[in-house]
Amino acid sequence: MLSTAWITLRGTSWYTTYMQKLDFVAIGDITTDAFIALKEASINCEINRETCMLCMRFGDKIPYESVVIVPAVGNSPNAAIAAHRLNLRAALVTNLGEDAYGREDIDTLTKEGILTDYVTVHKEKESNYHFVLRYEEERTILIKHNEYDYALPHFEQPPTWLYLSSLGENSLLFHHDIATYVAQNKIKLAFQPGTFQIKFGYEKLKAIYDVTELFFCNKQEAKRILEMPKEDDIKVLLRALGERGPKVVIITDGPEGANTYDGSEMLHMPMYPDPAPPVDRTGAGDAFSSTFTTARALGYDVKTALAWGPINSMSVVQFIGAREGLLTQEELLKYLENAPQDYRPTVLK
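The numbering of the sequence shown is my numbering, which starts it at 397 and goes up by one.
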């Protein structure tokens, strides 16, 4: 333990920096989501429900029920807020425009207790704005990532955990910078690939996969990443992703729960039961992944993290948007205390 005298000798600026070491830094694009509740639509699916289409009348005026605007969301902003509510000191590395949406994003992050020192405001650029088409409990998101110059900020001290998720199509080289920084500073990296990161494919992001501690995706994403479109065996998918480099692979499978593989043991966790029918599934994956990561950052083992994740997912889907339902640690532990007896991880055989 450092003595008070030594700290005084070194100066208050060193002491302040030491005390402000960040537990959790999320990296990824931020957006405002406009949730549009559709009134007249239908869902057409293939027999195996691998692909479903949201259908509306073409060339017509389609009534909608309501619009709800939610600022400061996206995989990584959602993760930072989830981590902070669960008692981690969290920051966000992101880019936005010098416009009203950008200012609202920063105000929201600040109110949520997220350190915004690493948010870059770009003059004469627009902030991201997405449209979420809600029908029943599911959603289809119309996305547009504006092009920003991506760069890692200077951290006075390397954070304990980095959480990397959705970035724009022009971000490929930025991933190599992140991989190098993680390796050089021995940081724990959680990686939840977004749309363009999945499109890049494994080979282009091999450097990231090699330094990843926790890797998150859903079953359909795993099939696309591995180029195994017809593979349904979750154990095969877990093992194949583990061979790509991540130390722990986590694959979620909707109502079927979540599965992990740490190189030796495969575990399955059921969903936490919904208290009421889901309102909106946006952000359920983010809530699971960030909560799992936070549990590990707090020192809990994989089995405990696997029990935490579905609880925050269950809570989030009871609200519109990915932020409102995120729980505090006290709230989450109360749900865990009242969990059904069969809510526990089991070994995949």
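Quick reminder that beta carbons are idealized off the backbone N, C-alpha and C, glycines included.
Query, Result
"Residue closest to residue 512, alpha-carbon to alpha-carbon, out of 649, 499, 611", "499"
"For residue 452, the residue or residues it bridges with in DSSP", "None, per the DSSP bridge assignment."
"Residue 432 - containing beta strand (DSSP E), residue span", "427-434"
"Chain C within 8 angstroms of residue 605, Cβ atoms only", "No chain C is part of this structure, which consists of one protein chain only."
"Cβ-based burial, residue 601 [other Cβ within 10 Å; buried from 16]", "buried"
"Spatial neighbours of residue 698 in its chain, beta-carbon cut-off 8 angstroms, leaving aside the 5 residues before and after", "644, 656, 658, 663, 692"
"Rounded Cβ spacing between residue 488 and residue 466 (contact assumed at less than 8 angstroms)", "Between residue 466 and residue 488 the Cβ distance is about 16 angstroms, and since that is not below 8 angstroms, they are no contact."
"Span separating the alpha-carbon of residue 412 from that of residue 576", "Note that residue 412 scores 39 on pLDDT, short of 50, meaning its location in the model is unreliable and no value can be drawn from it."
"Span separating the alpha-carbon of residue 599 from that of residue 568", "12 angstroms"
"Spatial distance of residue 436 from residue 539 (CA atoms)", "22 angstroms"
"C-alpha gap between residue 410 and residue 728, whole angstroms", "The pLDDT assigned to residue 410 is 37, lower than 50, so where the model puts this residue is not dependable, and the model offers no usable value."
"Residue 681 (DSSP reduced to helix, strand or coil)", "helix"
"Sheet register partners of residue 516 (DSSP bridge)", "491"
"Start and end residues, alpha helix (DSSP H) containing residue 418", "Segment: none, residue 418 is in no alpha helix (DSSP H) and carries neither H nor E."
"Which listed residue (672, 433, 628, 523) has its alpha carbon closest to that of residue 541", "523"
"Alpha-carbon spacing of residue 586 relative to residue 696, whole angstroms", "15 angstroms"
"Beta-carbon proximity list for residue 534, same chain, < 7 angstroms, skipping 5 on both sides", "677"
"Endpoints, the alpha helix (DSSP H) within which residue 572 is located", "568-581"
"Meets three-Cβ-pair contact criterion under 8 angstroms: the segment 669-684 and the segment 621-628", "no"
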